[in-house]
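Written out below as structure tokens is the structure these notes cover.
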Amino acid sequence: MWPEVQRARSENRHELVLGGNEIAERIAKEGLDPGIFALTGLNYLDLHETSLGAIPDEIARLVNLQSLVLHSNKLEGVNSAVTKLEKLKLLDLARNQLREVPPEIDKLANIVTFNFTFNCLGGFPELRNTRKLSVLDLSNNKLKIFPRVCNEGLANLSELKLSENEIETIPPEINQLTGLKVLELGHNKIKSLPGELADCTKLKVLGLKNNPISDRRLLKLIDQCRTKQIIDYVKAHSPKTVVQKSEQKGPPRATQDSDSDPDEYKHTIRVHYAKDSPKIVLDESVKSVREFLVACLVSVTFTEETFKKFIQIQNKLHETVCSKRNSSTIATHDYDKLPPGDLHYTTLPPSELQIQPLNRPTAMSGADLFTKLQTEANNLRKEKKRNTYSGIHKFLYLIEGKSRYPCLVNSQGIVVSFPPITNSEVTKIEVGTKNLLVEVTSSVSLHLCKVAMEALLRELIGLVGHDLEVTQVKSTDPDGNLRVVYPSKNDLVFEGNEIRVVRD
């Protein structure tokens with residue numbers, strides 16, 4: 001039995017992460033350790049960057065699995081045994097060699113995210129029963145036909161990513177995806193847009209660049225990335241190909257940035273553009289470790305009580321929205337404790353990463369911190385006579401065996417964050433903190449970073465009882481090219497009249 005599997009069994013772990021050259025060599029020589037499938041308590045299994053060529057039938061034994069991450073392997077197909085995982089919420093099969101997906105995939109009633117980007121799919125099965133599905137990523141494949149997902153059963157689908165394919169038409173049934181907020185179709189073969197696209201009233205991001213659109217005026221709007229103007233133009237100039245059963249009655253719904261009566265809203269978030277705020281430079285090395293990051297500045301006023309509750313909120317979100325830090329991790333810093341200048345998000349070998357962890361008196365290397373935390377965890381487990389870890393110790397498996405650790409470094413070269421494990425004492429927030437730098441990272445997707453950030457801001461505004469002033473933070477590559485700005489005009493889209501968003 002592999003030592004990682006033996007450890008997971010003896011410590012009754014619920015998560016297992018395996019990947020890299022050593023695991024790839026083991027699989028090539030002896031195959032996947034069958035002991036993995038005896039860990040029936042697992043809710044998170046991550047097996048990435050290996051020579052794995054097929055998903056074993058035994059995967060069906062992991063009946064409690066909620067997240068199955070198998071990106072960057074050598075998979076050519078999806079074993080239908082996966083569809084027996086009734087609790088599955090996340091299936092990540094990106095960067096494999098998949099040529100087909102079984103129709104039984106529609107049986108995953110609790111699935112929230114499908115990620116099939118960077119494969120060789122020429123088609124995709126019809127989905128009708130995955131009613132909780134929120135994100136479907138089929139970008140960078142070989143699809144010639146728009147996937148059969150446009151039906152009322154997928155009303156919760158909010159992000160549909162189909163860029164870098166060979167799709168020629170958008171079906172008129174697109175208007176049945178009533179919850180659609182992001183539709184990415186860049187680099188396809190689309191010549192025209194159906195009038196029904198204008199019925200997708202929640203659509204905030206419509207990516208259509210690099211398509212052979214025949215209408216020159218529409219093409220110009222597409223190149224300018226003006227989603228609202230594109231929708232308005234489609235509504236006025238593109239005929240509907242299907243007769244609608246009934247027209248909408250009553251006044252149109254107000255959108256987030258409309259001129260609705262401010263008194264209708266309980267709270268307001270004011271978003272300021274990133275002018276003087278620092279940027280975060282993303283090093284290329286993070287792509288293979290923990291690629292995704294969003295950040296923003298938030299002005300706050302805490303009391304002793306609200307500060308204590310804010311810490312509790314972060315812990316709660318790490319357990320829920322962040323899937324026990326498997327999908328994303330939140331870090332908060334006192335911005336006024338940072339020196340002027342840009343921050344860098346990079347990776348360092350464990351022995352070279354130096355950080356003064358939260359609530360610890362001295363700095364230590366990442367390797368020493370891992371060893372110390374592991375020792376503490378084992379001693380605490382024995383003392384409490386438990387089979388599981390608690391607190392920060394239960395997240396150690398996320399970095400176990402990694403040759404490089406992700407970190408956020410200030411302009412003086414001091415590490416202020418070591419996700420997903422800890423922040424630095426150097427930027428620790430306190431009751432008197434007035435300006436928060438909030439950072440969210442993920443090894444899975446940018447979308448999950450934004451989901452966690454939005455959840456935190458929603459909780460925070462309800463806690464402090466006053467309007468929030470939020471300033472954008474830009475993230476760039478080392479050459480200064482923009483990678484992400486948060487919150488952009490497409491972020492912070494709240495339902496109902498709880499929160500109004502006002503932008504500069």
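The opening residue of the sequence shown carries number 1 in the UniProt record's numbering; numbering runs sequentially from there. By construction, the Cβ of each residue, glycine as well, lies at the ideal position given by its N, Cα and C atoms.
- Query: Using the beta-carbon count (16 or more within 10 Å), is residue 311 buried or exposed?
  - Reply: Numbered from its first residue, the sequence shown carries residue 311 at position 311. Exposed, by the Cβ-count rule.
- Query: What separation, rounded to the nearest whole angstrom, lies between the Cα atoms of residue 235 and residue 214?
  - Reply: Your numbering for residue 235 matches position 235 in the sequence shown. Your numbering for residue 214 matches position 214 in the sequence shown. Cα atoms of residue 235 and residue 214: separation of roughly 17 angstroms, rounded to the nearest angstrom.
- Taking all protein chains shown into account, decide if residue 62 is buried (16 or more other Cβ within 10 angstroms of its Cβ) or exposed. Within the sequence shown, residue 62 is the residue found at index 62, counting from 1. In summary, residue 62 is buried, with 16 or more beta-carbon neighbours lying within 10 Å of its beta-carbon over all protein chains present.
- Query: residue 451: buried (16+ other C-beta within 10 angstroms of its C-beta) or exposed?
  - Reply: As a first step, residue 451 is located in the sequence shown; it is residue number 451 there, counting from the start. Taking all protein chains in view, the Cβ of residue 451 is crowded by 16 or more other Cβ atoms within 10 Å, so the residue is classified as buried.
- Item | residue 119 burial status per 10 Å Cβ neighbour count (16 or more: buried) | The residue given as residue 119 occupies position 119 in the sequence shown. Label assigned to residue 119: buried.
- Message: Quick check on the DSSP output: the alpha helix (DSSP H) that includes residue 234 runs from which residue to which?
- Response: Taking the first residue of the sequence shown as 1, we reach residue 234 at position 234. DSSP places residue 234 in the uninterrupted alpha helix (DSSP H) bounded by 227-237.
- Item | Contact belief for residue 332 with residue 429 at Cβ below 8 angstroms, rounded distance in angstroms | Here residue 332 corresponds to residue number 332 of the sequence shown, with the count starting at 1. Here residue 429 corresponds to residue number 429 of the sequence shown, with the count starting at 1. Right, their Cβ atoms sit about 5 angstroms apart.
- Given a threshold of 16 other Cβ atoms within 10 Å of its Cβ, counted over all protein chains shown, does residue 318 qualify as buried or as exposed? Along the sequence shown, read from residue 1 onward, the residue named residue 318 stands at position 318. Buried is the call here.
- Item | Span of the alpha helix (DSSP H) around residue 449 | Residue 449 sits at position 449 when you count from the first residue of the sequence shown. DSSP places residue 449 inside the alpha helix (DSSP H), whose first and last residues are 446-464.
- How should residue 249 be labelled, buried or exposed, when 16 other C-beta atoms within 10 angstroms of its C-beta is the threshold for buried? For the purposes of this step, residue 249 is taken as residue 249 along the sequence shown, with counting starting at 1. Confidence in residue 249 is poor, its pLDDT being 37 and thus under 50, which makes the residue's placement unreliable; the coordinate value appears in the next sentence. Exposed is the call here.
- Near residue 470, what residues of its chain come up, given a Cβ to Cβ distance below 6 angstroms and the 5 sequence neighbours on each side ignored? Position 470 of the sequence shown, counted from the start, is the residue given in the question as residue 470. Here the set comprises 269, 271, 296 and 298.
- Message: Relative to the C-alpha of residue 491, which candidate in 286, 461, 479 and 455 has its C-alpha closest?
- Response: Along the sequence shown, one-based indexing puts residue 491 at 491. Selection 286, 461, 479 and 455 evaluated against residue 491 yields 455 as nearest (Cα-Cα).
- Item | Pairwise C-alpha distance: residue 77 and residue 136 | Sequence index remark: in the sequence shown, residue 136 carries index 136 (1-based). Sequence index remark: in the sequence shown, residue 77 carries index 77 (1-based). Residue 136 and residue 77: Cα-Cα distance of roughly 18 angstroms.
- With 16 other CB atoms within 10 Å as the buried threshold, where does residue 504 fall? Numbered from its first residue, the sequence shown carries residue 504 at position 504. Flag for residue 504 reads exposed.
- Give me the Cβ distance between residue 1 and residue 31, rounded to the nearest whole Å; I'm assuming they're in contact under 8 angstroms. Within the sequence shown, numbered from 1, the residue matching residue 1 stands at position 1. Within the sequence shown, numbered from 1, the residue matching residue 31 stands at position 31. About 13 angstroms; that fails the 8 angstroms criterion.
- Give me the Cα-Cα distance between residue 99 and residue 122, rounded to the nearest whole angstrom. Walking along the sequence shown from the start, residue 99 turns up at place 99. Walking along the sequence shown from the start, residue 122 turns up at place 122. So the alpha carbons of these two residues sit roughly 7 angstroms apart.
- Message: Quick check on the burial criterion: 16 or more other C-beta atoms within 10 angstroms. Buried or exposed for residue 261?
- Response: As a first step, residue 261 must be located in the sequence shown, where it is residue number 261. Its pLDDT being 49, under 50, residue 261 is placed unreliably in this model, and the value from its coordinates should be taken loosely. With a threshold of 16 other beta carbon atoms within 10 Å, residue 261 falls short and is exposed.
- Cutoff 8 angstroms; reference residue 3; Cβ partners in own chain excluding five residues on either side: For this step, residue 3 is matched to residue 3 along the sequence shown. Same-chain partners within the cutoff: there are none.
- Message: Check whether the stretch 141-159 and the stretch 169-186 are in contact - that is, three or more C-beta pairs closer than 8 angstroms.
- Response: By the Cβ test, the stretch 141-159 is in contact with the stretch 169-186, since at least three Cβ pairs between them sit closer than 8 angstroms.
- Message: Count Cβ pairs between the stretch 429-441 and the stretch 122-131 that sit closer than 8 angstroms; are there 3 or more?
- Response: Fewer than three beta-carbon pairs drawn from the stretch 429-441 and the stretch 122-131 are found closer than 8 angstroms, and the two stretches are therefore not classed as touching.
- Item | In DSSP terms, what residue 292 is bridged to | What you label residue 292 is simply residue 292 of the sequence shown in a count that begins at 1. 442, per the DSSP bridge assignment.
- Item | Stretch-stretch touch, CB-based, cutoff 8 angstroms, three pairs: the stretch 457-476 with the stretch 219-232 | Per the Cβ contact rule, the stretch 457-476 is not in contact with the stretch 219-232 (fewer than 3 Cβ pairs under 8 angstroms).
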